[in-house]
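Below: one structure, written as structure tokens.
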Amino acid sequence: MNDQIIDIAVPGRGPAQDDGIGPRLAGAIYQNVSGAFEVLAVIRDSERASALLRRRARWAVIVKDVLRPGAEPFPVGSVWTSSDHLVREGRTTPAYTPAA
């Protein structure tokens, strides 16, 4: 995966979809009990998200574990909850520096 910001959007996305994604924009770093993750891409196309997650999904977030050197990017479909904490805000422009 390269260092591009990717946000695959489709017409008709609603507030419920954005609520589930939370503040995970490309470039954001968030932390929870599972670790700390940099958001590499936000996929809002349900067909692509479903294929990535191998289940029915409206969206997916491609993340990379920033605490593990050499970690490979992987898709997640978990909703944003109160146990998730934003460490660095994402950017809506393609100019950001990856954390790892």
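First residue of the sequence shown: 699, per the working numbering; consecutive thereafter.
Virtual Cβ for every residue (Gly too), placed ideally from N, Cα, C.
Source: prediction; values computed, not measured.
Would you tell me roughly how many angstroms separate the C-alpha atoms of residue i and residue j, rounded to the nearest one?
i	j	result
G718	A734	18 Å
R742	G788	16 Å
P767	H783	21 Å
G720	A769	23 Å
R722	R786	10 Å
A749	A758	10 Å
S652	F772	Since the first residue of the chain shown is 699 and the last is 798, residue 652 is not available in this structure.
K762	I727	9 Å
L751	D716	18 Å
Let's test the definition: count the other Cβ atoms within 10 Å of the Cβ of residue i and tell me whether it reaches 16, buried, or not, exposed.
i	result
I775	It is Gly, not Ile, that sits at residue 775 in the sequence shown. It counts as buried.
G725	buried
On the three-state DSSP scale, how would you describe residue i?
i	result
R766	coil
A749	helix
G718	helix
How about residue i and residue j: are their beta carbons less than 7 Å apart?
i	j	result
A739	I760	yes
S781	N730	yes
R756	S744	yes
E736	V764	yes
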